[in-house]
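Numbering (our numbering), first residue to last: 663 to 1122. Where is the CB? At the ideal position from N, CA and C, for every residue including glycine. Remarks on the structure that follows.
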């Protein structure tokens, strides 16, 4: 849509172009498209582009709703009154969370997390509200190990999981260092697993002993078959599942903590807290604990071998520098021209905007611009870069396990949320929180950027 009002000629003199731009839509921007002055639905565009709500499984039949409520009752949680809702890979529902006004409804405190499986369709689906960073990998392991049983069981009933850490409550952040492994206990609503084991035991007793003529034994077998069907040859028994990839993880406990163990160069463990008040409260009793806002943290991560800052990395990922540069530019642009349709601008118009805003752009914008040019020409940039550049360009040590690298990417995007693609990929909750505060210019630009550069991880 074209902006209203007559087009205004712009002076070609340098003095005119170098004037600090005013907020809003200045006259010379009448030649560009701007957004109408109305509010857009906060998540409407993200939903339309498949960037919000994608991968959720629709629960839209009375049978599945009843099974979900039966699981909630077994867990000790009030059932939902909703007739239609959706669930993610772990069985968490955004609609039920909104109904209960509690995102943590599928738990009994931080140390007692649960999951619900209604359908095999949850396999490889995203986890939208992961209490632990390993929640997605945990569910993938359960489906990988037990898909046959899950398919069989969910054809008849529902499954709920008790994610057990052998702790009933976290007293302080140090308790997280006690989480060495997790055992997942599997239950079904109508106890079909126990019924299958009992039915097989009765059958063995009937076949292998002289009790075959016992009328009471025969009656038990008949009653079991009437209630549950013939379970002797069905795959409906799932033993407890251990999960040991818990040495490094993020948890929402205590308002957000990163735990690193056994991967540090100098220290045995490190805790990084998002809540600065906890540092004050427990600081005297805890060693190697850092606030996520501590200025020393990025250099400490590199000192411990968790992250790196080597420009040769960007020779393999040259687009990453262009993305970061554009992220910096759009941050400044959206402050001054919050309704400008950036995606509709051509290259010449974008260059003109860079010139117009050059006094407002941070020096990191121009540093990245020069680095990108050097990298594309095959050069390895030399010389010291600023501390802020280290924050912007650091990346996980590629020698670490992939699960640890994912935790580090989440931490990096929490420390420096500049790169929208990395932020959305590894820290969606932070992305959605920030997205609501952005101008329409930045929202639409972010959607366009993700459309071209985001690669989903759910199907890995």
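Looking only at C-alpha atoms, which of the options sits nearest to residue i?
i	options	result
residue 809	910, 899 and 711	899
residue 901	921, 939 and 823	823
residue 1049	997, 962, 814 and 829	962
residue 846	840, 923 and 828	828
residue 816	778, 787, 916 and 1046	778
residue 843	1041, 717 and 923	923
residue 834	1030, 916 and 1000	916
residue 940	811, 918 and 957	918
residue 993	979, 1016 and 1040	1016
residue 1051	908, 1085 and 1031	1031
residue 997	1104, 1011 and 1091	1104
residue 929	952, 943 and 1084	952
residue 938	954, 1085, 825 and 1040	954
residue 818	729, 960, 771 and 757	729
residue 707	1065, 1113, 1117 and 838	1113
residue 839	913, 903, 771 and 755	913
residue 980	1011, 1040 and 931	1040
residue 1029	802, 986, 745 and 1064	986
residue 1117	803, 1109 and 1087	1087
residue 849	733, 763 and 772	733
residue 760	975, 772, 742 and 1003	742
residue 727	1036, 1053 and 820	820
residue 709	772, 1109 and 1064	1109
residue 831	807, 772 and 854	772
residue 978	1065, 1057, 908 and 806	1057
residue 903	739, 1065 and 826	826
residue 1026	1009, 1075 and 1053	1053
residue 1066	910, 956 and 1033	910
residue 1063	907, 956, 1097 and 784	907
residue 796	1095, 1102 and 1070	1070
residue 1001	854, 807 and 1102	1102
residue 740	719, 1095 and 766	766
residue 1021	995, 1035 and 1008	995
residue 956	1061, 1074 and 814	1074
residue 854	836, 837 and 814	814
residue 933	943, 950 and 942	950
residue 836	802, 943, 806 and 764	943
residue 717	731, 1013 and 755	755
Please check the pair residue i and residue j, which I expect to be a contact at CB under 8 Å, by giving their CB distance rounded to whole angstroms.
i	j	result
residue 989	residue 1082	6 Å
residue 905	residue 800	5 Å
residue 971	residue 1055	6 Å
residue 1072	residue 1089	5 Å
residue 736	residue 921	Rounded, the Cβ-Cβ distance is 30 Å, inconsistent with contact.
residue 1107	residue 1005	6 Å
residue 966	residue 926	4 Å
residue 1059	residue 983	With a Cβ gap of about 20 Å, residue 1059 and residue 983 do not count as contacting.
residue 1042	residue 964	At roughly 18 Å, the Cβ-Cβ gap does not stay under 8 Å, so residue 1042 and residue 964 are not in contact.
residue 1080	residue 1093	With 8 Å as the limit, residue 1080 and residue 1093 do not qualify as a contact, their Cβ atoms being about 12 Å apart.
residue 793	residue 775	5 Å
residue 976	residue 1037	5 Å
residue 782	residue 804	At roughly 12 Å, the Cβ-Cβ gap does not stay under 8 Å, so residue 782 and residue 804 are not in contact.
residue 744	residue 757	6 Å
residue 719	residue 784	6 Å
From the DSSP output, which residues share a beta bridge with residue i?
i	result
residue 932	922
residue 824	776 and 847
residue 719	749
residue 999	In the DSSP output, where bridge partners are listed per residue, residue 999 has none listed.
residue 970	1057
residue 903	846
residue 951	933
residue 913	794 and 919
Is any heavy atom in the ligand GTP found nearer than 8 Å to the beta carbon of residue i?
i	result
residue 850	The model depicted lacks the ligand GTP and carries no ligand whatsoever.
Check whether the segment 722-734 and the segment 706-713 touch, using three or more Cβ-Cβ pairs below 8 Å as the test.
no
Taking only runs that begin and end inside the segment 752-795, name each unbroken beta strand (DSSP E) of 3 or more residues, in chain order.
775-779
Any 3 or more C-beta pairs closer than 8 Å across the segment 742-758 and the segment 785-802:
yes
Going residue by residue through the segment 976-1042, where are the continuous alpha helix (DSSP H) segments of at least 4 residues, counting only ones entirely within it?
980-998, 1009-1018 and 1025-1038
Which runs of the beta strand (DSSP E) at least 3 residues long sit entirely within the segment 1063-1117? Give them in chain order.
none
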